[in-house]
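Residue numbers (full-length UniProt numbering): 1 to 606. Glycine included, C-beta positions come from ideal geometry on N, C-alpha and C. Since this is a predicted model, take the numbers as computed values, not measurements. Report on the structure given below.
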C-alpha cells in the first residue's frame, strides 16, 4: 500500500511528458484553462474562433483579407447611418406629437379638467355607440357590441357583462354564430392598454382625432374604460348628460333632482344578471352611469351626497328580497329623499327667511337660485308683501335673466343690473343681501357662483347683512381655502363671443383697451425679429387692420393663436365666513361655523 501511494503521488518524469503523454497533457491544460477563464472570456474566445473560420473560408474562395476589412467597414457605416436615420425619425415624430399636443395651458388652473377634454370624452363614447358595427340603443335595451380582434382581424361579438335589459336568448349565441363562452374567453384576455382592443370606427379605443385632447394619462385611461363599457350606458343617462353639458339644466338642486329621476328609471329597467344579487351588482351598474355623467360636468355636492346615500340604501337591502320588491323600495326611497331633503327643506327655509322681508324693503341677490326665486314669489303672493328685488347678473351664463322673468311674471318690482355696476347699486338703499349657495364647506366658506365673494365683501364693507339660504344637503365635509385648488373650468370661448341682435352693439364689443393690449404684445414680439421679418410683419399687420375694420368678429376670436394669452372661465369662488351673517337652513338660522356640527348630527341620525 505504501508503494502504491508513492507511485500515485510521484511526479511524472519529463521524458514521459514529451513522449508517451502527448495526447493526455493538452487535455489537462485546457481543462485547467477553462477553470481559470470566465464566461465572458469564453464567449469572446468562441467569437474569435468563428471569425477566424469565416476568414479562412473567404480566403479559400479567393477573397483577400483587405477586401474582407473593406466589406466590414461598409457594413458598419450602413448600420451607423440606419441608426442615425431612426433617431432622426423618432425626433421628428416627437416634434409632431409636441406640435399637435395642446400647448396653451394655464399655469394656475392646469390641474383642472377643461371643457375641451370633457367634450372630447363625450364625443369618443358617442361615436363608439353610434358606429354601424357598435352596440345600438333600442326599445328593448342595448344590443351586443362587436369588437375587432387585431390578431386575426375577425369580428367577435361581446357576451361578457351585458346590460340587464338584454334577453337571455341573446346571451346564448352571438350574431355571427360564435358561442358566447368562447367570445367571453377571448374578450377576457383583452385589456384596455392592449392595442388588440379596437372599437369600430375608432383606433386604439379612442379616436385619433380626439386623443390629442387628452393631455393627462389618467384621463385617457378613464375614457378607454368608458368606451369599453359603452354597452352598459342607459339611454336616459345619455340624455341627461347631454342636457347638463349643454347647460339646459343649471343649478346644483335642479341637477340633483334630474339625476334622482333618471336613477329611478335606471333602477326600474334594471335586471339582475344570473348568479349575482341586486344589492351587489346594482351598485357597480350605477357606477358606470355615474362615470359617464361626470363627463358632462363635475358632480355637484348635492349630487355627490345623494349618490352616497343611494349606494348605502342599496347595500342595506336584504339578499332574500325579490328584485321587483327591492326596485320598488328603492324608487320609493328616492322619491322620499327628494321630498324631505329638497322640497320640505325649501318650504321651511321660505318660512324662516320670509321674516326678514318687510314692506318697503329692498333686497339684492345675485344670479339665479331656486330657493331664492321661490322665497320672493312666496313673500309677494302668499304673504302679500310689497318689496323690491335687485337682481345682479354676470356673464357668460346670465342666470339672473331667468329669475327676473319669473319675478316680473308674478308682478314683483324687480331691477336687473350687471355686476360691473355693483358700486353704483350699493350706493342705493339696500336692506339685505340674499345669496344662494352651491355648497357650504366644513370650514364655513361659501362655495358659490363666481362673483359672490365680491358682492358679499362689498355688502360687509357697507354694513349690509348677508344671508345665505341653503339646504343641509349642500353641506360638505371638504375644506378649501381658495378657489384654485378645486374648481370648474367652463368654455373660455363663452367669454370671447358676445351675442347681440343689434349690429351696432355687436360692433362695439371689440373693446379699445383689449385691442391696445393685443397690439402691444404683437409689437413686442415683432421687435425681437430681424428687420426683414419686421417689415413683413408690418405689412401683414397693416393689411390685417384694414380687414379687421370691415369684419365684426370679436378681437379675441383668434385668442388661441396668441402664445402668451390664456382665458380662464372659472365657475365658482369662495366667500369667507366673516362676510356672512347667518345661514338659513331647514334647521333654522345658523352661523357658518356650525356646518361641521350639522354634518356630525346628520351622520349620527342617518
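Nearest residue (CA-CA) to residue i, options the options
| i | options | result |
| --- | --- | --- |
| residue 344 | 288, 478 and 374 | 374 |
| residue 589 | 322, 349, 370 and 599 | 349 |
| residue 276 | 323, 303, 110 and 441 | 323 |
| residue 611 | 472, 493, 490 and 563 | As shown, the chain starts at 1 and ends at 606. That puts residue 611 outside it, with no answer to give. |
| residue 285 | 337, 298, 452 and 270 | 270 |
| residue 483 | 471, 574 and 405 | 574 |
| residue 472 | 261, 89 and 303 | 303 |
| residue 439 | 265, 417 and 477 | 477 |
| residue 108 | 223, 487, 579 and 527 | 487 |
| residue 469 | 64, 123, 366 and 312 | 366 |
| residue 607 | 341, 570 and 462 | No answer is possible for residue 607: the residues shown for the chain start at 1 and end at 606. |
| residue 297 | 317, 266 and 240 | 240 |
| residue 236 | 278, 247, 281 and 290 | 290 |
| residue 292 | 242, 341 and 310 | 242 |
| residue 338 | 305, 352 and 318 | 305 |
| residue 251 | 267, 474 and 356 | 474 |
| residue 263 | 274, 246 and 311 | 311 |
| residue 389 | 351, 314 and 429 | 429 |
| residue 441 | 248, 596 and 346 | 596 |
| residue 560 | 384, 492 and 587 | 492 |
Residue i (DSSP reduced to helix, strand or coil)
| i | result |
| --- | --- |
| residue 166 | The predicted position of residue 166 is uncertain, since its pLDDT is 35 and thus under 50; a value taken from the coordinates is nonetheless stated next. Reduced to three states, the DSSP call for residue 166 is coil. |
| residue 466 | strand |
| residue 380 | helix |
| residue 350 | helix |
| residue 365 | strand |
| residue 89 | helix |
| residue 304 | helix |
| residue 445 | coil |
| residue 115 | helix |
| residue 286 | helix |
| residue 274 | coil |
| residue 373 | helix |
| residue 241 | helix |
| residue 159 | Note that residue 159 has pLDDT 34, beneath the 50 cutoff, so the model's placement of it is unreliable and the number below is only indicative. Looking at residue 159 - three-state DSSP - the assignment turns out to be coil, as it is neither helix nor strand. |
| residue 359 | coil |
| residue 231 | helix |
| residue 109 | coil |
| residue 318 | coil |
| residue 250 | coil |
| residue 335 | helix |
| residue 51 | helix |
| residue 260 | helix |
| residue 564 | coil |
| residue 268 | helix |
| residue 482 | coil |
| residue 299 | coil |
| residue 82 | helix |
| residue 294 | coil |
| residue 323 | helix |
| residue 64 | coil |
| residue 556 | coil |
| residue 39 | helix |
| residue 279 | helix |
DSSP bridge partner residues for residue i (one or two, in chain order)
| i | result |
| --- | --- |
| residue 451 | None, per the DSSP bridge assignment. |
| residue 341 | None; residue 341 has no bridge partner. |
| residue 124 | DSSP, once it has assigned bridges, lists no residue as partnering residue 124. |
| residue 580 | BP columns for residue 580 are empty, so no partner. |
| residue 570 | 489 |
| residue 475 | 440 |
| residue 589 | 584 |
| residue 575 | 446 |
Margin query: If contact is defined by three or more beta carbon pairs under 8 Å, each pair taking one atom from either stretch, is the stretch 327–339 in contact with the stretch 396–405?
Written below: Counting C-beta pairs with one atom in each stretch, the stretch 396–405 and the stretch 327–339 have fewer than three that are closer than 8 Å, which means they do not touch.
Notebook entry, point to check: Which runs of the alpha helix (DSSP H) spanning at least 4 residues fall entirely within the stretch 384–440, listed in chain order?
Noted result: Listed in chain order, they are 400–409 and 422–426.
Check: Do the stretch 114–133 and the stretch 225–233 touch if we need at least three Cβ pairs shorter than 8 Å?
Finding: Here the stretch 114–133 lies against the stretch 225–233, with 3 or more beta-carbon pairs under 8 Å apart.
Notebook entry, point to check: Would you call the stretch 354–368 and the stretch 383–399 in contact, with 3 or more CB pairs under 8 Å?
Noted result: Because the criterion of three Cβ pairs below 8 Å is met, the stretch 354–368 and the stretch 383–399 touch.
Check: Is the stretch 445–461 in contact with the stretch 489–498, if contact means three or more CB pairs nearer than 8 Å?
Finding: Judged by Cβ distances under 8 Å, the stretch 445–461 makes no contact with the stretch 489–498, as fewer than three pairs qualify.
Notebook entry, point to check: Pairing CB atoms from the stretch 378–396 with CB atoms from the stretch 307–325, are three or more of them under 8 Å?
Noted result: With a cut-off of 8 Å, the stretch 307–325 and the stretch 378–396 do not count as touching, because too few Cβ pairs lie within range.
Notebook entry, point to check: For the 8 Å Cβ check, are there 3 or more pairs between the stretch 427–438 and the stretch 404–411?
Noted result: Touching, no, given that fewer than three Cβ pairs across the two stretches are closer than 8 Å.
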